[in-house]
Amino acid sequence: MNIADNVYKLKATLSDGRTVDLTKAIQSMEWADQEGELAQRATIKLSQVYTSEGFLSELLALCTRLTINANNEDVFDGLLWEWEYTSANSKSFDITAYDNMIYMQKSKDNNFFSENQTTKTIVSSICQKWNIPLVYKWGSHKHKKTIYRSQTIANQIL
């Protein structure tokens, strides 16, 4: 496979439901699963262009849904979590987006699981408590008494 033949697209779904193609504004873009984290992150540098609605950075509010498409397949779907630019006159600005797992990395909880609870039981219990859909396909073994005090949901599952 020649990576020069790959075709990437970036789309934003605004709060009013409109979709905006940001592909031509991309200066650089990367996305990956982060080591030790459940949430996938995308970091993107965009050209600061003027649109009919103002500067591009003003159009992209926090929590705007961003979708990265590679070769006609969606490879990232997440929320604009933070953006950084110095002024509207700047030629570019940086944005960071995370998939929905970011909420698990930012939310803390307390849990107690008695001895001999299985991995599947523990993970299922945490997900059920937070209304997180789960399809469990991994192995499961019994654990010692487990106590989580003010730990993120992501860390408890990991």
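Those letters in the sequence shown? Residues 18 to 175, by this note's numbering. The beta carbon of each residue, even a glycine, is placed where N, CA and C say it ideally should be.
Bridge partner(s) assigned by DSSP for residue i
i, result
"Tyr115", "Arg58, Leu96"
"Arg82", "Thr30, Leu96"
"Val37", "Ala29"
"Ser138", "Looking at the sequence itself, residue 138 is Thr, so the reference to Ser does not match. According to DSSP, which records beta bridges pairwise, Thr138 is partnered with nothing at all."
"Gly71", "Thr68"
"Trp14", "Since the displayed the chain opens at 18 and closes at 175, residue 14 lies outside it and no answer follows."
"Asp22", "Bridge partners of Asp22: none, in fact."
"Ser109", "Ser64"
"Ala87", "Tyr25, Glu90"
Where residue i falls, given that 16 or more other Cβ within 10 Å makes a residue buried
i, result
"Arg35", "exposed"
"Thr68", "exposed"
"Leu178", "As displayed, the chain neither begins before 18 nor continues past 175, which places residue 178 out of reach and without an answer."
"Thr81", "buried"
"Arg58", "buried"
"Tyr153", "exposed"
"Leu151", "exposed"
Rounded straight-line distance, which links the Cα of residue j to that of residue i
i, j, result
"Thr60", "His158", "37 Å"
"Thr32", "Glu101", "For clarity, residue 32 is Ser in the given sequence; the question names Thr instead. About 20 Å."
"Asp38", "Ser109", "17 Å"
Nearest-angstrom Cβ-Cβ length linking residue i and residue j, presumed shorter than 8 Å
i, j, result
"Leu63", "Gln44", "6 Å"
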